[in-house]
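These notes concern the structure reproduced below.
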Amino acid sequence: MAEPMPQTYQNHTRWVTGFHFVTLPILALNLAWNLYRLITSFSFETVVGLLLAVALALGIVFARTFALAAQDRVIRLEERLRMQTLLPDDLKPRINEFTTSQLIALRFASDAELPALARKVLDEKIAARKPIKEAIETWRPDYQRV
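Okay, here's the thing in structure tokens:
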């Protein structure tokens with residue numbers, strides 16, 4: 605099996621071809637078509653068609669959102685456990701101060717880099733994922749993301 609491309613901040617976003625470039629555009633086109641049909645020839649059938657198109661699009665979006673939320677909970681648990689083993693004793697009582705968003709960003713920090721970066725995030729109250737990820741020098745890839 606071929607080795608995956610080394611992951612970095614610049615390329616860590618996962619694009620799933622079938623979802624992002626096939627399914628979503630088809631859903632958008634279906635929604636637009638049903639909206640056009642409703643506007644050009646209003647009837648009970650076109651209302652139902654638009655409602656079904658909206659429901660289908662929302663169902664797909666919610667399914668993706670629910671999967672990401674479940675993944676975020678697992679990452680939060682995994683990173684808290686990782687921090688229990690890697691952080692110095694003075695930082696361990698502060699593990700619960702990290703937000704889920706901070707933990708999600710910190711998961712990319714190497715084991716050696718995590719303690720200093722975790723301290724910086726808490727002390728400087730860095731809340732957004734982007735600056736945390738940009739501060740990582742040695743990237744720890746995550747190829748298991750949804």
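Heads up: the sequence shown is residues 605 to 750, going by the working numbering.
In this text, a Cβ means the ideal position worked out from N, Cα and C, and glycines have one as well.
Opening and closing residue of the alpha helix (DSSP H) in which residue i lies
| i | result |
| --- | --- |
| residue 688 | 648-690 |
| residue 725 | 718-727 |
| residue 558 | Nothing about residue 558 can be read from this structure; the chain reaches only from 605 to 750. |
| residue 714 | Segment: none, residue 714 is in no alpha helix (DSSP H) and carries neither H nor E. |
For residue i, three-class secondary structure by DSSP
| i | result |
| --- | --- |
| residue 637 | helix |
| residue 731 | coil |
Pairwise C-alpha distance: residue j and residue i
| i | j | result |
| --- | --- | --- |
| residue 742 | residue 717 | 7 Å |
| residue 673 | residue 688 | 23 Å |
| residue 747 | residue 629 | 25 Å |
| residue 663 | residue 648 | 22 Å |
| residue 704 | residue 656 | 34 Å |
Other residues of its chain near residue i: CB distance less than 8 Å, five sequence neighbours each side excluded
| i | result |
| --- | --- |
| residue 721 | 710, 713, 736, 739 and 740 |
Given residue i as reference, the closest of the options once Cα atoms are compared
| i | options | result |
| --- | --- | --- |
| residue 731 | 750, 693, 687 and 707 | 707 |
| residue 636 | 670, 651, 733 and 679 | 651 |
| residue 692 | 622, 671 and 719 | 719 |
| residue 633 | 671, 745, 660 and 678 | 660 |
| residue 728 | 744, 684, 702 and 686 | 702 |
| residue 685 | 665, 631 and 715 | 715 |
Cβ shell of residue i (< 7 Å), same chain only, five flanking positions each side left out
| i | result |
| --- | --- |
| residue 723 | 695 |
| residue 698 | 726 |
| residue 654 | 638, 639 and 642 |
Proximal residues to residue i (C-beta, below 6 Å), its chain only, five neighbours per side dropped
| i | result |
| --- | --- |
| residue 749 | 618 |
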